[in-house]
Structure formats: C-alpha cells, structure tokens
Amino acid sequence: MKIERRKTRLAEVYTASLNDIMFFLLLFFLIISTMVTPVALKVMLPHSSTAEKVITKKNIMLAVTADRQYFIDDRKVEFKEIEPALASMVKNKKEGNAEIEYVVLLQADMSLNLQPVVDLIDIANRLQLKMLLFVEKK
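Residue 67 in full-length UniProt numbering sits at position 67 of the sequence shown, and the numbers go up by one each step.
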C-alpha cells in the first residue's frame, strides 16, 4: 500500500509593508525628538568676582551693489541712513548677563571704487564696530 505524504507548507511572513512602517516610525520619532525641549533644572548660581563675561557675537550683513545701492540685512537703505540704522541696532549691547559683540559683514561689489568702501569702514569705526570684508577665494 502506497501512502502519500502531505506536502509540507512553508510558513512565510510578508515583510514588504514592514519597511514602510519602520520608516514612518523612525521619521515620527526624529521629528518628535527635535520638538521636545529638555527640562532644565533651575539652579541659583553662586557669585564670583573673577568670573568672565559671556560675549555673544551677532552679525550684521551690509551689502553694496555695483550701482551703489546699500542693503542692511536684505533691507534697502540710503547711504545717509546707514549710520543711524547701525547705531540703533547696536545701542543695546547687553542682553541679560551676556555682552553682545556686533560684527558688520561687508559685501562690496568688485567694480566699486575704493572710496565707498572706505566710507563704510569709517562709519563702523565711529560706532566702534568690527567690520569684515567678504572676498572670493581664487
């Protein structure tokens, strides 16, 4: 008598959709982790006479085009308005316990004469601001 064996079935788990689920979970946790702010302990710090002040640097962008149009932080201004605008931006040099150091980043067009650039440097010197001139590396 011939006994037929039943064919064994192979059990498979369909995992094609698991990739999508894992991707969305990873994305969800990455987004949520950037939104969560850590709970900080509020501690009263002791005072010291030799402690150094914290200096925060803030940049002010000043751009001059070839046709002598002036821009402060992407806002168009006239030349005579530059000094009062910079002075009003830097009048409050303290923020809490930190001191703010302003740096003017000057972007001047290559075709300009030297005099407009020197005039802007004079304005920064009168306001006691540091000024950096942007150049392109060859």
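C-beta: ideal position from N, C-alpha, C; glycine also.
Note that the structure is a prediction, hence the values are computed from the model and not measured.
Query	Result
Close Cβ partners of Ala-108 (< 6 Å) along its chain, the five nearest in sequence each way excluded	Val-64 and Val-117
Whole-angstrom distance between Thr-50 and Thr-71, CA atom to CA atom	Here the sequence assigns Phe to residue 71, which means Thr is not the residue at that position. Between Phe-71 and Thr-50, the C-alpha separation is close to 41 Å.
Stretch pair the region 124-132 + the region 100-107: three plus CB contacts closer than 8 Å	yes
Integer Cβ distance of Ile-82 from Ile-123, believed to fall under 8 Å	6 Å
Same chain, Cβ closer than 6 Å to residue 142, neighbours up to 5 away in sequence not counted	The question about residue 142 has no answer, for the chain in this structure spans 1 to 138.
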